[in-house]
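**Student:**
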Ligand SMILES: *Cc1c(COP(=O)(O)O)cnc(C)c1O
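Structure follows, in structure tokens:
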């Protein structure tokens with residue numbers, strides 16, 4: 001079966017797929033394949049859908065979006081969001097450098113992740129990030145020591161594990177007890193007490209992030225209630241929380257998913273917080289996938305059609321190194337021919353050229369294609385390029401952003417030579 005999500009920024013015009021006003025076939029011709037194609041309009045609209053919920057009726061800001069850039073960290077994409085006023089959620093010194101290079105503001109950065117190194121802490125303290133989201137006492141002690149050595153105070157938040165089931169894939173659920181993420185619910189108050197005693201840390205917030213590709217609101221409301229209870233007990237202990245960071249994780253429609261609309265989702269959570277009497281808190285959202293996932297696709301060319309005894313294979317020039325999600329999570333991406341035809345369909349597996357049985361992009365798809373045709377793998381804007389690798393010594397794909405009728409090359413295709421430029425032969 002082939003189900004196609006309804007998309008913003010991409011459409012079929014006279015039997016042919018377009019990115020905004022540009023036919024995908026033109027992009028393939030000019031830039032080759034595989035190529036990631038993003039729509040500036042789709043990125044902008046997704047961001048603005050969050051923004052719409054972020055203000056009180058009197059115009060005062062009640063929440064701020066911090067784009068979780070691990071979903072897609074191309075400089076041009078970061079720059080689009082930075083120009084719209086976004087903050088960023090980073091997980092490494094590399095991501096910090098990217099935000100700064102893309103024109104993002106350090107004071108709007110939150111630094112997440114379970115394993116921050118000393119050098120990463122130093123870089124983030126020097127840059128002056130808004131907050132460190134910490135996940136353990138050893139990490140807290142290290143940050144306190146590093147901040148002391150630099151003579152600065154580190155703003156901190158503790159990532160709480162609210163122990164709720166987000167009902168998503170086990171690899172992308174992060175808020176359950178058995179998970180490596182966050183501080184166990186029962187230990188949160190004591191950990192905050194410990195933090196309060198540290199001379200070079202200043203408590204500013206609390207955060208949680210329960211998973212990814214979540215398509216229901218109820219796990220968020222459960223997590224919120226658990227975190228609001230903690231904020232109350234912390235207050236009773238003399239520890240005041242200034243901001244509440246409710247993480248990311250809102251799902252997108254890959255084909256048959258039915259996540260809430262972004263603005264409704266954000267409004268529901270913010271109204272819930274206000275109704276519980278916490279409207280004075282500054283709220284942070286950390287969306288990744290819901291900002292970029294459906295704003296990008298992966299354009300690929302069919303190399304061969306290989307009829308098989310039990311099934312047909314459509315072998316394309318994109319592979320698991322370009323888009324890992326199917327191999328890693330058995331994720332479903334809708335796959336469509338760039339030019340629709342009236343030929344009879346065949347059922348096939350869409351696979352790449354890599355020497356792994358896991359190298360597939362779609363299974364049992366009804367497609368009418370021939371060698372040389374182009375396909376678009378939809379909903380590939382999040383965790384697509386950023387998870388790509390050079391496995392099989394394949395250069396990573398080019399990336400382009402379409403803005404109206406203009407195509408901007410935002411990352412050149414990697415050359416073969418660049419792949420081993422840092423390698424050395426042994427001496428003669
Ligand atoms: C990955 C991640 C996000 C973003 O998740 P999405 O599912 O892409 O929205 C937000 N916050 C943290 C801490 C993360 O690790």
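In UniProt numbering, the protein residues as written are 1 to 428.
All C-beta atoms, glycine included, are put in the ideal place defined by N, C-alpha and C.
Computed from a predicted structure; not experimentally measured.
Can you tell which of 88, 35 and 57 has its C-alpha closest to the C-alpha of residue 267?
**Tutor:** Translated into the one-based positions of the chain shown, residue 267 becomes position 267. If we check each option's Cα against that of residue 267, 57 comes out closest.
**Student:** Hey, residue 231 and residue 192 are a contact pair by Cβ (cut 8 Å); roughly how many whole angstroms apart?
**Tutor:** Here the question's residue 231 lines up with position 231 in the chain shown. Here the question's residue 192 lines up with position 192 in the chain shown. Their Cβ separation, rounded to whole angstroms, is 10 Å, which puts residue 231 and residue 192 out of contact at 8 Å.
**Student:** Would you report the Cα separation of residue 40 and residue 80, rounded to the nearest angstrom?
**Tutor:** Position 40 of the chain shown, counting from 1, holds the residue named residue 40. Position 80 of the chain shown, counting from 1, holds the residue named residue 80. Their Cα atoms are separated by approximately 8 Å.
**Student:** Does DSSP put residue 303 in a helix, a strand or coil?
**Tutor:** Numbered from its first residue, the chain shown carries residue 303 at position 303. Residue state, collapsed to three classes: strand.
**Student:** Quick one: give me the first and last residue of the beta strand (DSSP E) that residue 67 is part of.
**Tutor:** Translated into positions along the chain shown, residue 67 becomes position 67. Where residue 67 is concerned, the enclosing beta strand (DSSP E) stretches over 63-68.
**Student:** Please identify the residue among 112, 293, 152 and 85 whose C-alpha is closest to the C-alpha of residue 253.
**Tutor:** As a working note, residue 253 is residue 253 in the chain shown. Nearest option by C-alpha distance: 293.
**Student:** Pairing CB atoms from the stretch 314-324 with CB atoms from the stretch 367-380, are three or more of them under 8 Å?
**Tutor:** The stretch 314-324 is in contact with the stretch 367-380.
**Student:** I believe residue 37 touches residue 400 by the beta-carbon criterion, under 8 Å. Please report the beta-carbon distance rounded to the nearest angstrom.
**Tutor:** In the chain shown, the residue the question calls residue 37 occupies position 37. In the chain shown, the residue the question calls residue 400 occupies position 400. With a Cβ gap of about 6 Å, residue 37 and residue 400 count as contacting.
**Student:** Distance, Cα to Cα, residue 195 vs residue 376?
**Tutor:** What you label residue 195 is simply residue 195 of the chain shown in a count that begins at 1. What you label residue 376 is simply residue 376 of the chain shown in a count that begins at 1. Each residue's Cα considered, the two are about 50 Å apart.
**Student:** Whole-angstrom Cβ separation of residue 12 and residue 340, contact assumed at under 8 Å?
**Tutor:** Along the chain shown, one-based indexing puts residue 12 at 12. Along the chain shown, one-based indexing puts residue 340 at 340. Going by Cβ atoms, the distance from residue 12 to residue 340 rounds to 7 Å, so yes, they are a contact pair.
**Student:** Quick check on the DSSP output: the alpha helix (DSSP H) that includes residue 431 runs from which residue to which?
**Tutor:** The chain is shown only over 1 to 428; residue 431 falls outside these bounds and no answer can be derived.
**Student:** Which of the three DSSP states, helix, strand or coil, is assigned to residue 409?
**Tutor:** Residue 409 sits at position 409 when you count from the first residue of the chain shown. In the structure shown, residue 409 sits in a strand (DSSP, three-state: E or B).
**Student:** Would you tell me roughly how many angstroms separate the C-alpha atoms of residue 186 and residue 205, rounded to the nearest one?
**Tutor:** Indexing the chain shown from 1 puts residue 186 at position 186. Indexing the chain shown from 1 puts residue 205 at position 205. Residue 186 and residue 205: Cα-Cα distance of roughly 18 Å.
**Student:** If you measure from the CB of residue 209, is any heavy atom of ligand 1 nearer than 6 Å?
**Tutor:** Along the chain shown, one-based indexing puts residue 209 at 209. True, at least one ligand heavy atom lies under 6 Å from that Cβ.
**Student:** Is residue 325 close to ligand 1? I mean its beta-carbon at under 6 Å from any heavy atom of the ligand.
**Tutor:** Position 325 of the chain shown, counted from the first residue, corresponds to residue 325. No, ligand 1 has no heavy atom inside 6 Å of this Cβ.
**Student:** Using a threshold of 6 Å, is the CB atom of residue 137 nearer than that to any non-hydrogen atom of ligand 3?
**Tutor:** For ligand 3, the structure offers nothing, since it holds only ligand 1.
**Student:** From the DSSP output, read off the bridge partner residues of residue 347.
**Tutor:** Residue 347 sits at position 347 when you count from the first residue of the chain shown. DSSP, once it has assigned bridges, lists 366 as partnering residue 347.
**Student:** Please classify residue 1 as buried or exposed, where buried requires at least 16 neighbouring CB atoms within 10 angstroms.
**Tutor:** Against the chain shown, residue 1 aligns to sequence position 1. Confidence at residue 1 is low in this model, with a pLDDT of 49, below 50, so its placement is unreliable and no value can be given for it.
**Student:** Which runs of the alpha helix (DSSP H), 4 residues or longer, sit entirely within the stretch 36-107?
**Tutor:** For the stretch 36-107, whole alpha helix (DSSP H) runs of length 4 or above, ordered along the chain, are 40-51, 75-83 and 93-101.
**Student:** When every heavy atom of ligand 1 is checked, does at least one fall within less than 6 Å of the C-beta of residue 94?
**Tutor:** Taking the chain shown and counting its residues from 1, one reaches residue 94 at position 94. Because no heavy atom of ligand 1 lies under 6 Å away, the Cβ of residue 94 does not count as near it: no.
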